[in-house]
Structures are given as structure tokens and as C-alpha cells.
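With the working numbering applied, the sequence shown covers 116 to 380. For glycine and all other residues, C-beta sits at the position ideal for the given N, C-alpha and C. Data first, discussion second: the structure below is written as C-alpha cells.
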Amino acid sequence: MNLQLGDVQTTALIPLAVKASESRRKNPRVIDKKAVEIVEAIGIDISKYDKFMSHEGVIARTIMLDRQLKEIIIKTPETVVINLGAGFDDRFSRVDNGKILWFDLDLPDVITARKKAFPEKERVTIIAGDILDPSWCKPVQEALSERKTKPIFLAEGLFMYLTMEQIRTFLNVLKENFPCGGTLIAEQNNKLMVKNEKFHDTVKNTNAHFVSGTDSGQEIADLVKGFRLVEEHSFNEEMKKHSIRGKLFALLLPKMNDRWATFEW
Ligand SMILES: C[S@@+](CC[C@H](N)C(=O)[O-])C[C@H]1O[C@@H](n2cnc3c(N)ncnc32)[C@H](O)[C@@H]1O
């Protein structure tokens with residue numbers, strides 16, 4: 116597979132590389148066969164995208180979000196999930212209960228590549244679009260009108276590549292196009308990491324830049340009236356269970372790691 120991706124789009128190769136390499140381990144904590152298949156098909160050297168801290172961070176966030184989403188799906192089996200900035204993520208396969216509806220949304224060049232790797236699936240819609248441009252909302256609104264459930268939006272590895280003003284625009288897209296309300300689960304980068312991006316072990320190997328960060332998800336909720344922060348969890352909560360370095364990182368630099376923040380409107 117020949118890949119031609121823009122700067123921010125290239126960051127999708129980081130979680131892809133991590134999940135492929137983890138899946139090849141003897142006792143994988145996350146199994147993503149699709150990631151292994153794609154990495155083999157594109158034939159790239161994944162070593163620059165698969166460094167220790169990024170690896171442990173992606174594995175921690177994957178375990179945490181899979182768990183949170185499975186709990187939501189058990190409570191609401193007909194859930195509609197929109198995976199924003201989906202990259203090459205295959206979370207649908209890990210959480211599917213045979214009933215949910217799923218949307219994978221990303222910028223056009225990523226979607227062109229994604230469509231080569233992911234066969235069409237029942238209940239999954241792939242959309243090429245920019246999250247800031249509301250034209251992607253229509254198919255989701257149609258699905259929701261049949262389901263009568265509130266949508267769940269996921270933003271994994273996305274907000275740090277948007278300015279706070281762009282995040283505000285995006286929250287307004289959600290509020291205006293989904294007036295019924297919904298849940299947004301968004302990864303939060305911290306402000307220190309924005310200043311120190313040259314030390315990030317894998318993003319420094321791309322041309323992408325962190326352009327925003329928060330010390331608390333409340334800063335995101337405050338951007339648009341009607342949004343509230345429900346809960347927030349550092350990746351440290353999971354990462355410290357898996358290695359001494361993860362434990363030390365959580366102890367010495369507790370605020371440095373990313374967090375999962377859940378919002379409702
Ligand atoms: C770090 S990757 C994360 C991919 C995926 N969520 C994962 O964890 O495997 C960030 C993704 O966000 C996408 N992205 C960035 N800005 C976007 C925008 N404005 N609209 C849609 N997707 C965007 C990129 O193209 C890229 O695929």
C-alpha cells in the first residue's frame with residue numbers, strides 16, 4: 116500500500132505502529148490484527164513510531180477507552196459511536212456487540228488509505244471530512260433518528276493538534292448539530308507537553324505539532340456554554356500497572372501524562 120499523508124495525518128502511524136508491535140508480543144495487552152496487517156502492507160519501518168513512552172501511553176489509553184466504551188455499550192446496546200480522527204484504529208472490532216452503529220471520520224487522505232485496508236462492514240460508515248466542517252454530521256443525524264439514543268463521540272490523539280479556538284468551533288458543531296445532547300470522550304494533552312514537544316519520543320519524528328493542551332478538562336468545558344466535564348482520568352492510572360518506568364513516571368511527573376476527559380452537553 117502506497118501512503119501519502121499530510122503532516123498531522125502522519126501521526127496516525129504512531130498508534131498503528133504501537134498496536135501492531137504490541138499484537139506481535141508473546142502476551143499482548145491489546146490485540147489488533149488489522150494493525151499488523153496494515154503495517155505489513157505499507158512496509159514502513161515502524162521503529163521511529165514505536166518508542167517506550169508512546170507505546171505504554173497508547174496501550175494504556177486503548178485499555179482505558181475500550182473499558183469505558185464497553186460499559187456504555189452494555190448499558191445502551193444500540194449506541195451510536197463516532198470515532199473522530201479515526202486514523203487506522205479498529206476499536207469497533209473490539210467492542211462490537213452486533214447492534215451498535217459506528218462512524219469512522221478522518222481527513223480525506225487518511226480515509227483513502229483506510230478504505231484500502233478496511234473492508235466495508237455492516238453498521239460501520241467511513242466518512243472523509245474535517246471535524247470542523249459540519250457536513251459530516253448528516254449521516255450521523257440520520258442514524259440517530261432511527262436509534263433514539265444519544266451519540267458517543269471519541270477523540271483519541273486529536274485535540275492536541277487543534278488550537279483552543281478550533282476546539283471551540285468543534286464543540287459548537289456538536290451543540291448545533293446534535294441538540295439532543297451527547298457524550299464526548301476526548302484525550303487531553305497537557306500544557307507542559309506542548310512546550311516540550313521536541314522531547315516527545317515519537318511525535319518529534321513527524322512534522323506535526325502540538326498546538327494546545329490543558330491542565331484540566333474544565334478548560335475545554337468552559338469554551339462553550341452547555342458543556343460539562345463529567346470525569347477525567349490520567350493514563351497513569353493504567354500505565355503504572357505495567358512497568359517500573361510507568362510507575363516512576365506516574366510518581367515523579369504525575370501531571371505530565373495525557374488524560375481521558377468525558378464531557379456531556
Ligand atoms: C494521532 S492520530 C490518532 C488516530 C486514531 N484516533 C488512533 O488513536 O489510532 C490523529 C488523527 O486525527 C486526524 N485529524 C487531525 N485533524 C483532523 C480534523 N480536523 N478532522 C478530522 N480528522 C483530523 C489525523 O488525520 C489523524 O488520523
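Residue i burial status per 10 Å Cβ neighbour count (16 or more: buried)
| i | result |
| --- | --- |
| Arg-343 | exposed |
| Ile-82 | Since the first and last residues shown for the chain are 116 and 380, residue 82 lies out of range. |
| Leu-273 | buried |
| Thr-278 | exposed |
| Pro-130 | buried |
| Gln-303 | buried |
| Lys-149 | buried |
| Arg-374 | buried |
| Ser-327 | buried |
| Ile-189 | exposed |
| Phe-233 | buried |
| Arg-182 | exposed |
| Ser-349 | buried |
| Asp-330 | exposed |
| Phe-314 | exposed |
| Ile-300 | buried |
Residues near residue i by beta carbon distance below 6 Å, same chain, minus five either side
| i | result |
| --- | --- |
| Gly-361 | Glu-171, Met-354 and Lys-355 |
| Lys-214 | Pro-192 and Glu-193 |
Residue i CB to nearest heavy atom of ligand 2 below 7 Å
| i | result |
| --- | --- |
| Thr-126 | Only ligand 1 can be found as ligands here, which leaves ligand 2 out of the picture. |
Cβ neighbours of residue i in the same chain (closer than 8 Å, five flanking residues each side left out)
| i | result |
| --- | --- |
| Gln-371 | Here the sequence assigns Met to residue 371, which means Gln is not the residue at that position. Once the five neighbours on either side are set aside, the close Cβ partners of Met-371 are Asn-305, Leu-307, Met-308 and Phe-364. |
| Lys-185 | Val-210 |
> For the region 172 to 246, which segments carrying the beta strand (DSSP E) assignment without a break, of at least 3 residues, lie completely within its bounds, in sequence order?
Replying inline: Taken in chain order, the complete beta strand (DSSP E) segments of 3 residues or longer contained in the region 172 to 246 are 195 to 199, 216 to 221 and 239 to 243.
> Counting pairs of beta carbons, one from the region 157 to 168 and one from the region 132 to 139, are three or more of them closer than 8 Å?
Replying inline: Per the Cβ contact rule, the region 157 to 168 is in contact with the region 132 to 139 (3 or more Cβ pairs under 8 Å).
> Which runs of the beta strand (DSSP E), 3 residues or longer, sit entirely within the region 261 to 285?
Replying inline: 267 to 270, all fully within the region 261 to 285.
> Unbroken beta strand (DSSP E) runs of length 3 or more, entirely within the region 147 to 175: which are they?
Replying inline: Complete beta strand (DSSP E) runs here, min 3: none at all.
> Are the region 212 to 225 and the region 117 to 126 in contact at 8 Å, needing three or more beta carbon pairs?
Replying inline: A contact exists between the region 212 to 225 and the region 117 to 126.
>> Quick check: the region 224 to 243 against the region 280 to 298, are at least 3 beta-carbon pairs closer than 8 Å?
In response: In the pairwise beta carbon analysis, the region 280 to 298 is classified as not touching the region 224 to 243: fewer than three pairs are separated by under 8 Å.
> Is the region 200 to 219 touching the region 250 to 264, taking contact as three or more C-beta pairs under 8 Å?
Replying inline: Between the region 200 to 219 and the region 250 to 264, the count of Cβ pairs shorter than 8 Å is three or higher; the stretches touch.
> Hey, which unbroken runs of the beta strand (DSSP E) at 3 residues or more fall wholly within the region 289 to 324?
Replying inline: Here the runs fully enclosed are 298 to 303.
> What runs of the alpha helix (DSSP H), each 4 residues or longer, lie entirely inside the region 116 to 140?
Replying inline: Correct list: 128 to 138.
> Is it true that the region 331 to 343 meets the region 278 to 290, where meeting means three or more beta-carbon pairs spaced less than 8 Å apart?
Replying inline: Contact between the region 331 to 343 and the region 278 to 290 is present, because at least three Cβ pairs lie under 8 Å.
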